[in-house]
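So the structure is just underneath, and the comments pick up after that.
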Amino acid sequence: MREGRCYEQHDFQVLILSQFAQRRPSTEKETWELQKEYLRLIREIPQMWEEFVRKNQNIYDRFGYLDVVVYDDLTYERKKLKQGRPKEENTLSHRVTVRLDDESYQLLKQYCQTKNITESAAIRELIQTLKWKIY
Numbered sequence: 393m394r395e396g397r398c399y400e401q402h403d404f405q406v407l408i409l410s411q412f413a414q415r416r417p418s419t420e421k422e423t424w425e426l427q428k429e430y431l432r433l434i435r436e437i438p439q440m441w442e443e444f445v446r447k448n449q450n451i452y453d454r455f456g457y458l459d460v461v462v463y464d465d466l467t468y469e470r471k472k473l474k475q476g477r478p479k480e481e482n483t484l485s486h487r488v489t490v491r492l493d494d495e496s497y498q499l500l501k502q503y504c505q506t507k508n509i510t511e512s513a514a515i516r517e518l519i520q521t522l523k524w525k526i527y
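In terms of my numbering, the sequence shown opens at residue 393 and continues consecutively.
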């Protein structure tokens, strides 16, 4: 399987033929069949590209390219767009929501500005200082 970004027919052709090049014949007959299939692909790739662009015209018009996945049997499809925010590697497991009065919130904002950190980081830092006072 190969993935690639295709801006034009040439990129699509390179992607298809690079996947095709991984096939290895074991007999003379298979060599002959692969040569015939290669020539067929060279002839058909322009129509394949035109059809592929026509099917995905809105994506191609919006971005100017198509992300393509070519499988071992030379079938191909558009790689689906990833939606949403990417996952962080070090995600925290507990979420806490806190409501603050105006005075406390202003103190938190002021602390964040002086330390140049986010509100969440400030709260984590202050909890760590609390841990040292308790133990």
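Beta carbons: idealized from backbone N, C-alpha and C, even for Gly.
- Annotated three-state conformation of Y463 is coil, per DSSP.
- Around the beta carbon of Y468, a 10 Å sphere encloses 16 or more other beta carbons of the protein chains shown; the residue is thus reported as buried.
- Looking at the DSSP output, E480 sits in no beta bridge, so it has no partner there.
- In the DSSP assignment, the residues bridged to E469 are V461.
- Exposure of Q520 is indicated by the presence of fewer than 16 other C-beta atoms within 10 angstroms of its C-beta.
- Looking at the DSSP output, E395 shares a beta bridge with V461.
- C-alpha of M393 to C-alpha of H486: approximately 39 Å in a straight line.
- C-alpha of L431 to C-alpha of T483: approximately 51 Å in a straight line.
- In the three-state DSSP reduction, V445 falls in the helix class (H, G or I).
- Comparing alpha carbon positions, the residue from D403, Y399, E442 closest to R454 is Y399.
- A direct Cα-Cα distance of roughly 18 Å separates Q475 from E481.
- Straight-line measurement puts the Cα of L518 at about 47 Å from the Cα of I451.
- A contact is defined here as three or more CB-CB pairs under 8 Å, and the stretch 400-416 meets this definition with respect to the stretch 432-443.
- A Cβ-Cβ distance of about 14 Å is found for the pair V461 and K447, leaving them out of contact under the 8 Å criterion.
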